[in-house]
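In my numbering, the protein residues as written are 4 to 146.
As structure tokens, the structure follows; a few thoughts come after it.
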Ligand code: FES
């Protein structure tokens, strides 16, 4: 709401050719030197997460996923998020986050699949709990 009001004031000033006290602060071409290090660091961290595409899984087969836990398993060129419920039934979904394709990781504390790139979280059945992803993890038949 605040930024919407500021935008209204700023754009009116710019259209009418008036000097605006907000123009410098909201200039899209502004450079904040202090934020450059954080920007680079965060983006290197996200880029590093894509290395998960070429690493082995947490375990080498779904038989090693013990009841009540989940693990990422490599299956050919892709990875599967395998969760074995307390009854021993295996639930498999693609381990590829539906936001921007990072590999999710099992969160044993929350019993969720969490994406390390931008924080999306999925429940044991692959349904979205938190975005930015808006779609659940794909079933393995669709990978
Ligand atoms: S790639 Fe998973 S949240 Fe962005």
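By construction, the Cβ of each residue, glycine as well, lies at the ideal position given by its N, Cα and C atoms.
A quick note: this is a predicted structure, and the numbers were derived from the prediction, not measured.
Helix, strand or coil, according to DSSP, for residue i in the structure here?
{"i": "residue 121", "result": "coil"}
{"i": "residue 102", "result": "coil"}
{"i": "residue 140", "result": "coil"}
{"i": "residue 72", "result": "strand"}
{"i": "residue 48", "result": "helix"}
{"i": "residue 82", "result": "strand"}
{"i": "residue 62", "result": "strand"}
{"i": "residue 116", "result": "strand"}
{"i": "residue 13", "result": "helix"}
{"i": "residue 95", "result": "strand"}
{"i": "residue 131", "result": "strand"}
{"i": "residue 56", "result": "helix"}
Using a Cβ-Cβ cutoff of less than 8 angstroms, which residues in the same chain neighbour residue i once the five nearest sequence positions on both sides are dropped?
{"i": "residue 70", "result": "87, 88, 89, 90, 91"}
{"i": "residue 23", "result": "12, 13, 16, 17"}
Leaving out the 5 sequence neighbours to the left and right, which residues in its chain are closer than 7 angstroms to residue i when beta-carbon positions are compared?
{"i": "residue 85", "result": "65, 68, 73, 74, 76, 93, 95"}
{"i": "residue 126", "result": "115, 132"}
{"i": "residue 128", "result": "94"}
{"i": "residue 25", "result": "9, 12, 13"}
Return yes when the Cβ of residue j is within less than 8 angstroms of the Cβ of residue i, no when it is not.
{"i": "residue 137", "j": "residue 131", "result": "yes"}
{"i": "residue 56", "j": "residue 106", "result": "yes"}
{"i": "residue 115", "j": "residue 140", "result": "no"}
{"i": "residue 1", "j": "residue 61", "result": "Residue coverage of the chain in this structure runs from 4 to 146, which leaves residue 1 outside it and unanswerable."}
Taking residue i as the reference, give the member of the options with the closest Cα.
{"i": "residue 121", "options": "128, 135, 22", "result": "135"}
Please go through the same chain and pick out, in chain order, the residues whose beta-carbon is closer than 6 angstroms to the beta-carbon of residue i, but skip the five residues on each side of it.
{"i": "residue 98", "result": "75, 82, 83, 84, 106, 107"}
{"i": "residue 1", "result": "Residue 1 is absent from the model: the chain starts at 4 and stops at 146."}
{"i": "residue 124", "result": "115, 117, 132, 133"}
Please list, in chain order, all residues with a C-beta atom less than 5 angstroms from at least one heavy atom of the ligand FES. Here the list is 100, 102, 103, 105, 118, 120, 121, 123.
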